[in-house]
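Single-structure report; data block below.
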Amino acid sequence: MIDIQLKDNELKTADCEAFVASDAAGGTVIFVGTVRNQTKGKKVLRLDFEAYKPMAIKEMRKIAEQAMQQFDALKISIHHRVGTLQIGEIPVIIAVSTPHRAAAFEACQYCIDTLKETVPIWKKEYFEDGEVWVAAHP
1 MIDIQLKDNE
11 LKTADCEAFV
21 ASDAAGGTVI
31 FVGTVRNQTK
41 GKKVLRLDFE
51 AYKPMAIKEM
61 RKIAEQAMQQ
71 FDALKISIHH
81 RVGTLQIGEI
91 PVIIAVSTPH
101 RAAAFEACQY
111 CIDTLKETVP
121 IWKKEYFEDG
131 EVWVAAHP
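In terms of my numbering, the sequence shown is residues 1 to 138.
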C-alpha cells in the first residue's frame, strides 16, 4: 500500500506513521526533513517550495512502487509540502514499514535520495541579503 500526498498545509508524522503501521512489520523507519536555520554558513530566514504537482505526485508514486519491490516493503507513505515554510517546519516525511529492520532503513534512504534527485520540486531560500532558487537537494 502506498500513500502519496503533496500538501500546502502542515505535515504530521503521526499521519504517515499510522498509514504504515502493520502487524507484519518488523521495522518501521520515518524520515522527517526540517527547515534548518542556515545553509553554507548563511542564515536562512524561510523557504518556499514549488512543484509541478501532477508530475511530482506521479514521480513520488513511482519511487514508492520501486521501493516496495526492491525492499519488499509492506507500506510506504511520502508526504511533501509546498508553499512558504519557516525554520523548524517540516517539508517532507517518508515512512516505510518492512518485515525486517534493515530493509526499512534502506527503503527509506532510497526514497528520500531518489525524491531529491528526480521529483520536480524546487525551493527558494531566503537569506538576510537576498534569495536563491535551488533544486531541493541536500
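The beta carbon of each residue, even a glycine, is placed where N, CA and C say it ideally should be. These figures come from a predicted structure and were not determined experimentally.
For Glu106, the enclosing alpha helix (DSSP H) stretches over residues 101–118.
Excluding residues up to 5 positions away in sequence, Val82, Trp122 lie with their Cβ nearer than 7 Å to the Cβ of Glu50 in the same chain. Under the three-state reduction of DSSP output, Val82 falls in the coil class, being neither helix nor strand. Around the C-beta of Glu59, 16 or more other C-beta atoms lie within 10 Å, and the residue is accordingly described as buried. Nearest Cα to Tyr52 within the set Phe71, Gln5, Pro120: Pro120. The alpha-carbon separation between Asp23 and Glu131 amounts to approximately 46 Å.
In the same chain as Val32, and ignoring 5 residues on each side of it, the C-beta atoms closer than 7 Å to its own belong to Thr13, Ile90, Ile93, in chain order. Shown here, Glu59 sits in a helix according to DSSP, grouped into three states.
For the pair Lys7 and His80, the Cα-to-Cα distance works out to about 6 Å. The beta-carbon distance between Lys62 and Phe19, rounded to whole angstroms, is 18 Å. This is too long to meet the 8 Å contact definition.
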